[in-house]
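Novice: Note that the numbering used here has the sequence shown beginning at 176, numbered continuously upward. Ideal Cβ positions, reconstructed from N, Cα and C, are used throughout, including at glycine.
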Amino acid sequence: MRGPDRPGDVKHVWEPSRFYHFFDLCAHPEAGDVAARHVSSWIDQNRWGMGVHWDNALEAALRAISWIAADCRLSHIGCRAWIDQRRRFLCALRWHGRFIESTMARKGYNHLIGDAAGLAVLGLSYPAFPESSRWVEIGIGTLTDEIPRQVLDDGGHVERASAYARFVADLYFLAGHVAREVGDDRGDILLQTSERLLTALMQQATPQGDVPGYGDDDGAMVLWTCEPHHRLGVSLALCAAVTGRGDFKHVSSLSGSMPRSREVIAAVLGTQALAEFDGLRAHPPADTRVVLPDAGVAVHRSSWDHDTFWILFKCGEAKAGTGAHAHADNLQILWRRSGWPRLIDPGTPTYNGDQALRESSVSTGAHNTVCVEGQSQGQRKTRFSWKTLYRGEGLQVEPATCHWTARGEIRYPVADTPVTHTRRVDWRCPSLTVTDTLACPGEHLLTLSLLFEGQPGWRIHDDFVQCLDYDFVISFTGWSSVASEPATSSPVYGADIEASRLVFSATANDVFEGLIVCSDRR
């Protein structure tokens, strides 16, 4: 039981009951009796509508999707253990549909998409259920109606969390694919929506071909994304097999997920689709620089290879009502050098556990940007909502060929005093320069946090810091002092890795300008 002195995380209970393991388990005919026992045991121990596994419609929707996939595979190959209990399983699926319909989110974002996708897939897969036609209309109708509300003009997702954008893209893909397979023309619209979301994610992808990792990430999956660091690669490959996008195939291959992607394409789309995918010519995306003004992201990379220089700069709007999974991270930068992580995001250590840890991980001070008097750029209301969340403005990128420059600003009050923070990021090989200018009336303490992967050795001097392990130097002006401290990051939900934080400090009096330069040598 969870309490003030015993923080716990219900996700660790929910995850097994989403039956993600069925996608791989049911690929083996001899495992059909195991799958049948798993579902039968779950039904015996979880009465309809009672207990933690009936807490919300999304849990039921993801579980139903996994069961439907198992039913399609095991019934097709004639698994006797499954077929003997299939009537019971179908009855349980029908109760899942009724639960989703009666409790599905009426507002919201990824939860609403998950509820609607689950209901649509249920109705499309079992047209003999008396409720199926209604479920299809509710599910596909909701998914279609939500497109202009949830998908931004540049393909970003309204929640401003890259992992949730991928999750929503997968849900649209699955519902669109099932709809198209049964002849519902509305499936094309859903597939096009998935492609839009994945295009924006592809443009932001890390050199290893995964999501860039800003905002919350709890590892939410749809069937095939069971390997956390191959998530985007498999999603891009699936969409490439449907759309013929060679750029999707190229970026998918960066993650090393091609064997997994081929398995998934064969299982979800069929062997003919796999043959067409194998014959598809892969090619890098056309642009190495992209600006997504609605998503509030600018990205520059030196190439579409593993060992590229990659930098992401965040400056955009995440409203308090739509940014449940956004962090207070405007003007932060993420940086990879020679393909390897350098400046990283703090990630998502918990949702339901230690709430002090949850609050800290989403605050401005945990990200690679500046804090004024330790105040965050937003104020939390609950663990999944913001009372206020101040927006970044004026995202601009200079269209130069030999270098890359991005800038933006954010305005917010500190103790009722207006503060304007303007950041300029310059990349001129081999140096990365970050200039922070703050207009903050009165005297204020400023801190700049930089979070690095691992715990490298630092040698701190009066005006520069030498990184002993990564062999680069950070020179600084304007900042009066710097200190290093051990830290952690959670690139995979709940799993901490070692990190190191540099904290630069200064006292500002009305106007401040600080400069840091990361280069191979001083």
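1. Taking the beta strand (DSSP E) that residue 424 falls in, what are its first and last residues?
2. Measuring only the C-alpha atoms, how far is residue 589 from residue 379?
3. Using the beta-carbon count (16 or more within 10 Å), is residue 367 buried or exposed?
4. Name the DSSP beta bridge partners of residue 626, please?
5. What's the call for residue 234, buried or exposed, on a 16-neighbour Cβ count within 10 Å?
6. With a CB to CB cut of under 8 Å and the five nearest residues on each side skipped, what residues in its chain are close to residue 633?
7. What's the C-alpha gap between residue 389 and residue 689?
8. Have a look at residue 550 and residue 476 and give me their C-alpha separation to the nearest angstrom.
9. Let me know if residue 656 comes out buried or exposed under the rule of 16 or more other beta-carbons within 10 Å of its beta-carbon.
10. Can you give me the Cβ contacts of residue 449 inside the same chain, cut-off strictly under 8 Å, excluding the 5 residues immediately before and after it?
11. Just how far apart, CA to CA, sit residue 176 and residue 396?
12. Pair every Cβ in the segment 270 to 277 with every Cβ in the segment 288 to 295, then say whether three or more of these pairs are closer than 8 Å.
13. One question on the structure: do residue 320 and residue 522 come within less than 8 Å of each other, judged by their Cβ atoms?
14. Rounded to whole angstroms, what is the Cα-Cα separation between residue 143 and residue 693?
15. Using the C-alpha atoms, what's the distance from residue 623 back to residue 686?
16. Inspect the beta-carbon positions of residue 460 and residue 377 and report whether they are closer than 8 Å.
17. Relative to the alpha-carbon of residue 594, which residue among 650, 281 and 565 has its alpha-carbon at the smallest distance?
18. Give the range of the beta strand (DSSP E) segment to which residue 602 is assigned.
19. Could I get the ranges of all uninterrupted beta strand (DSSP E) runs contained in the segment 342 to 392, with 3 residues as the minimum, in chain order?
20. For residue 533, which residues from the same chain have a beta carbon less than 7 Å from its beta carbon, with the 5 sequence-adjacent residues on both sides left out?
21. According to DSSP, is residue 282 part of a helix, a strand, or is it coil?
22. For residue 619, which residues of its own chain have a beta-carbon under 6 Å away from its beta-carbon, when the five flanking residues on both sides are left out?
23. Check for me: the alpha helix (DSSP H) holding residue 517 runs from which residue to which?
24. Grouping DSSP H, G and I as helix and E and B as strand, with all else coil, what is residue 694?
25. Are residue 471 and residue 489 closer than 8 Å when you measure CB to CB?
26. Within 10 angstroms of the Cβ of residue 616, are there 16 or more other Cβ atoms? Answer buried if so, exposed if not.
27. For the candidate residues 422, 285, 307 and 517, whose alpha-carbon lies nearest to that of residue 387?
28. Unbroken alpha helix (DSSP H) runs of length 4 or more, entirely within the segment 239 to 293: which are they?
29. Can you check the segment 529 to 583 for any alpha helix (DSSP H) of at least 4 residues that lies completely inside it and give the ranges in chain order?
30. If I measure Cβ to Cβ from residue 371 and keep anything under 7 Å in the same chain, skipping five residues before and after, which residues do I get?
31. So, do the segment 343 to 361 and the segment 418 to 435 have three or more beta carbon pairs nearer to each other than 8 Å?
32. Sorted by chain position, which residues of the same chain lie with C-beta nearer than 6 Å to residue 218's C-beta, five sequence neighbours on each side aside?
33. Can you have a look at residue 257 and say buried or exposed, based on whether 16 or more other CB atoms are within 10 angstroms of its CB?
34. From 648, 486, 680 and 315, pick the residue whose C-alpha is nearest to that of residue 298; which is it?
35. Which value, in whole angstroms, describes the spacing of the CA atoms of residue 503 and residue 252?
Specialist: According to the data block:
1. Indexing the sequence shown from 1 puts residue 424 at position 249. From DSSP, residue 424 is part of no beta strand (DSSP E) but of the alpha helix (DSSP H) over 421 to 429.
2. Reading the sequence shown from its first residue, position 414 is the one you call residue 589. Reading the sequence shown from its first residue, position 204 is the one you call residue 379. About 32 Å.
3. For the purposes of this step, residue 367 is identified with residue 192 of the sequence shown, where counting begins at 1. Residue 367 is exposed by the Cβ-count criterion.
4. Reading the sequence shown from its first residue, position 451 is the one you call residue 626. Residue 626 is bridged to 676.
5. What you label residue 234 is simply residue 59 of the sequence shown in a count that begins at 1. In summary, residue 234 is buried, with 16 or more beta-carbon neighbours lying within 10 Å of its beta-carbon over all protein chains present.
6. Here residue 633 is taken as the residue at index 458 of the sequence shown, counted from 1. The residues are 640, 641, 642, 643, 659, 675 and 677.
7. On the sequence shown, position 214 is the one that residue 389 refers to. On the sequence shown, position 514 is the one that residue 689 refers to. Cα to Cα, residue 389 sits roughly 24 Å from residue 689.
8. Mapped onto the sequence shown, residue 550 falls at position 375. Mapped onto the sequence shown, residue 476 falls at position 301. The alpha-carbon atoms of residue 550 and residue 476 are separated by roughly 32 Å.
9. Working through the sequence shown from its first residue, we reach residue 656 at position 481. So residue 656 counts as exposed.
10. Residue numbering aside, residue 449 sits at position 274 when the sequence shown is read from its first letter. Counting only Cβ-Cβ distances below 8 Å, and skipping sequence neighbours, we find 416, 437, 440 and 441.
11. Here residue 176 refers to the residue found at position 1 when the sequence shown is read from its first residue. Here residue 396 refers to the residue found at position 221 when the sequence shown is read from its first residue. Unreliable positioning characterises residue 176 in this predicted model, as indicated by a pLDDT of 45, which lies under 50. The coordinate reading is nonetheless provided below. Cα-Cα distance, rounded: 26 Å.
12. yes
13. Your numbering for residue 320 matches position 145 in the sequence shown. Your numbering for residue 522 matches position 347 in the sequence shown. Taking 8 Å as the Cβ cut-off, residue 320 and residue 522 do not qualify as a contacting pair.
14. Because the chain spans 176 through 697 in this model, residue 143 falls outside it and cannot be assessed.
15. Position 511 of the sequence shown, counted from the start, is the residue given in the question as residue 686. Position 448 of the sequence shown, counted from the start, is the residue given in the question as residue 623. Roughly 16 Å separates the two Cα atoms.
16. Reading the sequence shown from its first residue, position 285 is the one you call residue 460. Reading the sequence shown from its first residue, position 202 is the one you call residue 377. For the 8 Å CB-CB criterion, residue 460 and residue 377 form a contact.
17. As a working mapping, residue 594 is identified with position 419 in the sequence shown. Cα-wise, what sits closest to residue 594 is 565.
18. Start at 1 with the first residue of the sequence shown, and residue 602 comes out as number 427. Residue 602 -> beta strand (DSSP E) spans 592 to 603.
19. none
20. Here residue 533 is taken as the residue at index 358 of the sequence shown, counted from 1. The answer, listed in chain order, is 525, 526 and 558.
21. Position 107 of the sequence shown, counted from the start, is the residue given in the question as residue 282. Looking at residue 282 - three-state DSSP - the assignment turns out to be coil, as it is neither helix nor strand.
22. Within the sequence shown, the letter at position 444 stands for residue 619. 547, 548 and 683, listed in sequence order.
23. The residue labelled residue 517 in the question sits at position 342 within the sequence shown. Unbroken run through residue 517 is the beta strand (DSSP E), 515 to 518; no alpha helix (DSSP H).
24. For the purposes of this step, residue 694 is taken as residue 519 along the sequence shown, with counting starting at 1. Assigned with DSSP and collapsed to three states, residue 694 falls in strand.
25. As a first step, residue 471 must be located in the sequence shown, where it is residue number 296. As a first step, residue 489 must be located in the sequence shown, where it is residue number 314. Yes.
26. What you label residue 616 is simply residue 441 of the sequence shown in a count that begins at 1. Residue 616 is exposed by the Cβ-count criterion.
27. Walking along the sequence shown from the start, residue 387 turns up at place 212. With distances taken between Cα atoms, residue 387 lies closest to 517.
28. 255 to 259 and 261 to 278
29. 530 to 537
30. Residue numbering aside, residue 371 sits at position 196 when the sequence shown is read from its first letter. Taken in chain order, the residues that qualify are 326 and 330.
31. No: fewer than three Cβ pairs fall under 8 Å.
32. As a first step, residue 218 must be located in the sequence shown, where it is residue number 43. So the list reads 267, once near-sequence residues are dropped.
33. Translated into positions along the sequence shown, residue 257 becomes position 82. The C-beta of residue 257 has 16 or more other C-beta atoms within 10 Å across all chains shown, which makes the residue buried.
34. For the purposes of this step, residue 298 is taken as the residue at position 123 of the sequence shown. Taking only the C-alpha atoms, the option nearest residue 298 is 315.
35. Stepping through the sequence shown from its first residue, residue 503 is reached at position 328. Stepping through the sequence shown from its first residue, residue 252 is reached at position 77. One C-alpha to the other measures close to 50 Å.
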